[in-house]
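Notes follow once the structure below has been shown.
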Amino acid sequence: MSQAILVYACLLGCTLGAMPASAADGALDPSLDPPLGTSPYFGVPGLFTFRINLGGAAPYINNDYVAATAVQVDGKILAAGFSWNTYLGVDQNACVLTRFNADGTLDSGFGGVAHGRIVVNFNPASGENDCYLSAIALQGDGRIVVAGNLTDASHGERGVVFRYNADGSPDNAFNNGGSGNHVIAGNNSAFSSVVIDTDGTILTAGHSIQGGQSDENFFLEAWAGNNGNAKYWDWQAFNLGADHDDRAFAMVLQHGVCTGQCVLPIDVLYLVGSANNTVYADGLANHDCAIAAYAHNPFIPGSKFEPYTLFNGSGHATIDFPVGGTGEGDNICRAAVGRPGYGVIVGGENYYIAPGNPPGLASLYALAEVALNGSVTRQDSFAFFQLLPTPGIFNGIYGMAHEPNGKLLVTGYAGTSDANHQPADAGVIRFNDDFSRDTSFGDTGAGSVTLSLDGLGGLFLHQREWATALALDNRGHVVVAGERSLLYPGNDYDWLVGRLTTSDEIFRDSYDGIVPPVE
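Letter by letter, the sequence shown follows residues 1 to 519 of the working numbering.
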């Protein structure tokens, strides 16, 4: 990158501190360097925004969100989300899947005529309007599975799963006996997570309205890997005393789990999210972090995942994170990884009423470790900047991954009252296995890295950078995706993509690029 372009990018919105001279753990990776300063890119080496720019109508002309990311074995970065556009005369959200080369440039061979991206609009005349992608899974043969939901005027939300070949062309064998390269779930459903089992079964999780209920419950559906035929589905209601608003946002699959004498290991699947609760003194309906566990015996042909009742005696458990403020608030878990020794580590947001003049809503990062039997072995709530936030300042975990050395990475948004970075930056924290911060990560001594394009001299000062997903490449480098908004004017969101270097290089050449959870 030329010095002139570098200066231009910094004047438009970076901090000099965002470009460390040495490639220490947590430094921006300078090799992620698309043509910055030329549309649709903006940023600095190692961190840039990308505008989908499908040309929707005001007030959401540039309304681009990314919800998931994955890294292929060749270092190419996949990002999935949605973008506002006008299709057949109707303003609606389109599903978008984009692939960047390892240097951050668009992969022009991906997706055919779209040159690096796949855009899916459903015909509004059929009643199917907005389309959203929330999750990505990579198959060992290079095919790409993405899941999310569409809105249907007659049937509410409906979960949807697409599969693409390695070059981005549609896999038209995946359609449950229909047409195209996608399958659609039943009425009033949505998918937030997807994983692929060793037999090729595609497992999707989210929420649905089932069993005569009027509100959402945890929802799991399995699809045949060869053709997308629906295999089975299940739902769980937590029944915590409130109208159901139970939603799964993340999923972890662990193979070869041993209990007791371990004659036959089992596979355990965790769905992680939130469940509605009214047991608090304020009488308001609040959410608890919620986990549902399923298990199956892989040695029995045709077996399916069933509720694992040895997990907390019921197959599900909840966590209420205490805080130092007053009043109970929502506890929403949005990310998860496997726990060493079996079980799961979950992360999300812990809302509460923060003291102030006047008091107001704020949130902290929430992190907990749950054993195979459903007991909570560790939990913590904390702010990104290690100070309890003031009213209106929010922190939350949206993505997690384990490094091969067992250290835990989390990403999300980092709320701060610092006038130079309000209202939030994207952030990454690395923890040791005892939940203490790894002070060797980043250059602040706090085990954290702030990802911000906030400008110098007041230019683009008030932005919100928000990380929603995290993945490791086959060198152990940390890829973070999310969005950036310019608050003046509002309703202007671009995709945010960054990559951090680490010393934990693993150089895998036969895996699909996603480092698996420690099991």
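Ideal Cβ positions, reconstructed from N, Cα and C, are used throughout, including at glycine.
Source: prediction; values computed, not measured.
Which of helix, strand or coil DSSP assigns to residue i
| i | result |
| --- | --- |
| Ser-126 | helix |
| Val-263 | coil |
| Asp-25 | coil |
| Thr-501 | coil |
| Gly-37 | coil |
| Ile-393 | coil |
| Asp-443 | coil |
| Lys-407 | coil |
| Gly-476 | coil |
| Ile-144 | strand |
| Ala-222 | strand |
| Cys-131 | strand |
| Lys-231 | strand |
| Phe-311 | coil |
| Arg-158 | strand |
| Cys-289 | strand |
| Thr-204 | strand |
| Tyr-342 | coil |
| Asp-438 | coil |
| Phe-321 | coil |
| Ser-375 | coil |
| Asp-330 | coil |
| Ile-300 | coil |
Distance CB(residue i)-CB(residue j) smaller than 8 angstroms
| i | j | result |
| --- | --- | --- |
| Gly-347 | Pro-404 | no |
| Pro-389 | Ala-354 | yes |
| Asn-350 | Ser-381 | yes |
| Leu-32 | Arg-499 | yes |
| Val-96 | Arg-117 | yes |
| Ile-397 | Gly-412 | yes |
| Ala-469 | Gly-399 | yes |
| Pro-45 | Pro-35 | no |
| Phe-218 | Asp-197 | no |
| Asp-64 | Trp-495 | yes |
| Ala-295 | Ile-266 | yes |
| Asn-227 | Asn-176 | yes |
| Ala-319 | Gln-236 | According to the sequence provided, residue 319 is Ile. The question's Ala does not apply to it. In this structure, Gln-236 does not lie closer than 8 angstroms to Ile-319 by Cβ. |
| Thr-502 | Val-478 | yes |
| Ser-134 | Ala-205 | no |
| Phe-238 | His-287 | no |
| Ala-520 | Val-119 | With the chain covering 1 to 519 only, the question about residue 520 has no answer from this structure. |
| Ile-77 | Val-497 | yes |
Which listed residue (the options) has its alpha carbon closest to that of residue i
| i | options | result |
| --- | --- | --- |
| Asn-276 | Val-252, Ala-205 and Asp-215 | Asp-215 |
| Ser-448 | Asn-85, His-115, Ala-383 and Asp-473 | Ala-383 |
| Gly-427 | Thr-86, Ser-452 and Asp-267 | Ser-452 |
| Ser-303 | Ala-222, Val-370, Asn-286 and Ser-375 | Ala-222 |
| Asn-93 | Leu-150, Pro-359 and Ala-481 | Leu-150 |
| Asp-409 | Gly-273, Tyr-365, Thr-377 and Asn-239 | The residue you asked about is not Asp; residue 409 is Leu in the sequence shown. Leu-409 has its Cα closest to that of Tyr-365, out of Gly-273, Tyr-365, Thr-377 and Asn-239. |
| Asp-492 | Gly-159, Arg-464, Arg-437 and Gly-442 | Arg-464 |
Discussion item. List, from N- to C-terminal side, the beta strand (DSSP E) runs of 3 residues or more that fit wholly inside the region 51-124.
Written reply: The qualifying runs are 62-71, 77-87, 90-100 and 117-120.
Do the region 225-232 and the region 259-269 make contact, defined as three or more Cβ pairs closer than 8 angstroms? no
Is it the case that the region 246-255 contacts the region 185-196, given that we only count it when at least three CB pairs across the two stretches are under 8 angstroms? By the Cβ test, the region 185-196 is in contact with the region 246-255, since at least three Cβ pairs between them sit closer than 8 angstroms.
So, do the region 139-147 and the region 106-113 have three or more beta carbon pairs nearer to each other than 8 angstroms? no
Length at least 3, wholly inside the region 169-202: the beta strand (DSSP E) runs in chain order: 182-187 and 189-196
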